[in-house]
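A short write-up of the structure that comes next.
Protein chains: 2
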Amino acid sequence: MYLRYLEDLDTQGKQTASSDELAHLCGTTPAQVRKDLSFFGSFGKRGLGYPVHELTAHLREILGLEREWKVVIIGAGKIGAALANYRGFRQRGFKIVGVYDNDPTKIGQPWGEAIVHDMADLAQDIQREEAPIAVLAIPSDDAQEVVDRIVGAGIRAILNFAPAQITVPPHVSLKSVNMAMELEGLSFALTNSIVSRGAA
Amino acid sequence: MYLRYLEDLDTQGKQTASSDELAHLCGTTPAQVRKDLSFFGSFGKRGLGYPVHELTAHLREILGLEREWKVVIIGAGKIGAALANYRGFRQRGFKIVGVYDNDPTKIGQPWGEAIVHDMADLAQDIQREEAPIAVLAIPSDDAQEVVDRIVGAGIRAILNFAPAQITVPPHVSLKSVNMAMELEGLSFALTNSIVSRGAA
DNA sequence: GTAACTTTGTGAAGAATTTCACAAGCCACC
DNA sequence: GGTGGCTTGTGAAATTCTTCACAAAGTTAC
């Protein structure tokens, strides 16, 4: 989150930003900002604040965004398409090296700049390309089975959009985005009249 | 999350589940499960566990899922389409009452079972329909402006897919899903060889 | 050069969350 | 009806996270 705002400030040509400014932008407190950043190093200058451009570079380094990550997208449906369309991905160093589906009517069809590949080739392609990240955008029923296959092929991180709880070995990183669950959280907030801090 | 698993257990015909079972399913600890559930009431039976079907109903009640929520989708792009396609929504009581875009080539076109409406009508439709929830699936640049308009029209909760930080008054609930940020989290985990507990 | 002002970095205090551990309750079997 | 085996609910302890508050360090103005 800090990176997102610092990039904005950087393009605006801002030289430095205080923990107070960053806190207001991010909806947190100055002390929190300083503690968070101090975990990774001592980036600020007393009396001045944090050097925006330099700190941006540091955070990109910390997050591992200075290199290119190869990503495979599994599932050539609407979610997959939304992801592939999203410019932010390539900008941030995520390169989509393949799109896979098991629907014969989709395989071989053009899909953005790429072509939809047969899911049967997925495992060997992951190994050959050494793609470490997979985005899973397929129906829930098949999710765990596909996960097991790509874990076997050496995938190291999975971003899961299937509304299913899946399991991976400890050396594989997993993030799940469950849109129904997000909406249910809003339903809970509305039902119980929860008042926010105004940002999320 | 508990609800998701309890529903699975329920359809499997399981009568009761212990905190230990739920903890294993959800990747947490038995004590955590008991503390969490005890916050809302005393649902379990000592020696037996929690009554699956009954607890499911309780949780649905707590989350406010026993009623129907009207939802407007803003942005008739890929993300909006993915959401509208997603059966889970209606199943869980979220009814899409309108899809809006400001692209003249899209307005009036059929879109799933609905028709794309002109964004100009958005505010008055929200008021007329009394739709409390909006899903924002539009480019970042316009996000805050649209948010201000729908907040003015009385929206009470927003699920934001635009990769922008937006601000709402305290009485409006906001959840943001930022796919680039999720991937960056995975990049961080890979870069720093973080070992997970095996589920997320 | 120095005085007034800003802002970081960080121990210590405070608050929140998670885990522990065990009494109390329920079931099943004899 | 009593006994043994489970499992919850929950205070208390342990841990983690956040906030406070201030010395140290830098900047600006003159």
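From first to last, the protein sequence lines stand for chains A and D. Going by the numbering used here, the first residue of the first sequence is number 1, and it counts up by one from there. Going by the numbering used here, the first residue of the second sequence is number 1, and it counts up by one from there. Backbone N, C-alpha and C define an ideal beta-carbon position, used for all residues, glycine too. For clarity, every value in this text was computed on a predicted model and none was experimentally measured.
Cβ-based neighbour list, residue i, same chain, cut-off 7 Å, excluding 5 preceding and 5 following
{"i": "E68(A)", "result": "G93 and K95"}
{"i": "P30(A)", "result": "S19, D20 and A23"}
{"i": "G13(D)", "result": "none"}
{"i": "Q32(A)", "result": "A23"}
{"i": "H53(A)", "result": "D10"}
{"i": "Q91(A)", "result": "none"}
{"i": "N192(D)", "result": "none"}
Distance between beta carbons of residue j and residue i, contact taken as under 8 Å
{"i": "G49(A)", "j": "T16(A)", "result": "4 Å"}
{"i": "L159(D)", "j": "V135(D)", "result": "5 Å"}
{"i": "K43(A)", "j": "L55(A)", "result": "In the sequence as presented, Lys is not what sits at residue 43(A); that position holds Phe. Correct: roughly 5 Å between the Cβ atoms."}
{"i": "M177(A)", "j": "V147(A)", "result": "In the sequence as displayed, the identity of residue 177(A) is Val instead of Met. Not quite, the Cβ-Cβ distance comes to about 15 Å (not below 8 Å), so this is no contact."}
{"i": "V116(A)", "j": "A76(A)", "result": "5 Å"}
Within 8 Å, strictly: CB atoms of residue i and residue j
{"i": "G152(D)", "j": "D125(D)", "result": "no"}
{"i": "A82(D)", "j": "I73(D)", "result": "no"}
{"i": "L65(A)", "j": "E184(D)", "result": "yes"}
{"i": "V71(D)", "j": "I138(D)", "result": "no"}
{"i": "L59(A)", "j": "L9(A)", "result": "no"}
{"i": "K175(D)", "j": "L190(A)", "result": "no"}
{"i": "L37(D)", "j": "F188(A)", "result": "no"}
{"i": "A143(A)", "j": "A164(A)", "result": "yes"}
{"i": "D141(A)", "j": "M119(A)", "result": "no"}
Same chain, Cβ closer than 8 Å to residue i, neighbours up to 5 away in sequence not counted
{"i": "A123(A)", "result": "R149, I150, G152 and A153"}
{"i": "M1(D)", "result": "C26"}
{"i": "I79(A)", "result": "A137 and F161"}
{"i": "R34(D)", "result": "S19 and G44"}
{"i": "D121(A)", "result": "Y100"}
{"i": "E130(D)", "result": "K70 and G154"}
{"i": "Q127(A)", "result": "A153 and G154"}
{"i": "H171(D)", "result": "R156"}
Residue i, enclosing alpha helix (DSSP H) - first and last residue
{"i": "I79(D)", "result": "K78 to N85"}
{"i": "L136(A)", "result": "Where L136(A) is concerned, there is no enclosing alpha helix (DSSP H), although the beta strand (DSSP E) it sits in stretches over I133 to L136."}
{"i": "A189(A)", "result": "M179 to T191"}
{"i": "L22(D)", "result": "S19 to C26"}
{"i": "L122(A)", "result": "L122 to E129"}
{"i": "A157(D)", "result": "First-last for A157(D): A157 to N160, but that is the beta strand (DSSP E), not the alpha helix (DSSP H)."}
{"i": "L3(A)", "result": "Y2 to T11"}
{"i": "A164(A)", "result": "Careful: A164(A) lies outside any alpha helix (DSSP H) and carries neither H nor E."}
{"i": "V151(A)", "result": "S140 to G152"}
First through last residue of the beta strand (DSSP E) which encompasses residue i
{"i": "K70(D)", "result": "W69 to I74"}
{"i": "A114(A)", "result": "A114 to D118"}
{"i": "F94(A)", "result": "F94 to D101"}
{"i": "I62(A)", "result": "Segment V52 to L63 is the alpha helix (DSSP H) holding I62(A); no beta strand (DSSP E) there."}
{"i": "A31(A)", "result": "Note, A31(A): premise wrong, no beta strand (DSSP E); alpha helix (DSSP H) at P30 to F40."}
{"i": "L48(D)", "result": "Segment: none, L48(D) is in no beta strand (DSSP E) and carries neither H nor E."}
{"i": "K175(A)", "result": "S173 to S176"}
Beta-carbon contacts of residue i that lie in its chain and below 6 Å, excluding the five residues immediately before and after
{"i": "S18(A)", "result": "G49"}
{"i": "A199(D)", "result": "Any reading at A199(D) needs caution, since the residue's pLDDT is 49, under 50, leaving its predicted position unreliable; the model's value is listed next. Contacts found: G27."}
{"i": "R3(D)", "result": "For clarity, residue 3(D) is Leu in the given sequence; the question names Arg instead. Contacts found: L59."}
{"i": "S173(D)", "result": "A157"}
{"i": "I208(A)", "result": "This structure cannot settle anything about residue 208(A), because the visible part of chain A is limited to 1 through 200."}
{"i": "A114(A)", "result": "V99"}
{"i": "P51(A)", "result": "T16"}
{"i": "G112(D)", "result": "A84"}
{"i": "Q109(A)", "result": "V116"}
{"i": "E145(D)", "result": "none"}
{"i": "F89(A)", "result": "none"}
Item to check | Chain-ordered residues of the region 173-189 of chain D with a beta carbon less than 7 Å from chain A | outcome: S173, L174, K175, S176, V177, M179, A180, E182, L183, E184, G185, L186, S187, F188 and A189
Item to check | Against chain D: residues of the region 114-125 of chain A by CB proximity under 7 Å | outcome: none
Item to check | Positions along the region 71-94 of chain A whose CB lies within less than 9 Å of some CB in chain D | outcome: V71, G77, K78, I79, G80, A81, A82, L83, A84, N85, Y86, G88, F89, Q91, R92, G93 and F94
Item to check | Residues of the region 128-146 of chain A whose Cβ lies closer than 7 Å to any Cβ of chain D, in chain order | outcome: P132 and I133
Next on the checklist: So if I threshold CB-CB distances at 7 Å, which residues from the region 149-163 of chain D count as touching chain A?
Outcome noted: R156, A157, L159 and P163
Next on the checklist: Closer than 8 Å between beta carbons: that is the criterion. Which residues of the region 51-66 of chain A meet it against chain D?
Outcome noted: I62, L63, G64 and L65
Item to check | chain D contacts made by the region 18-41 of chain A, where a contact means CB separation under 9 Å | outcome: L25, C26 and G27
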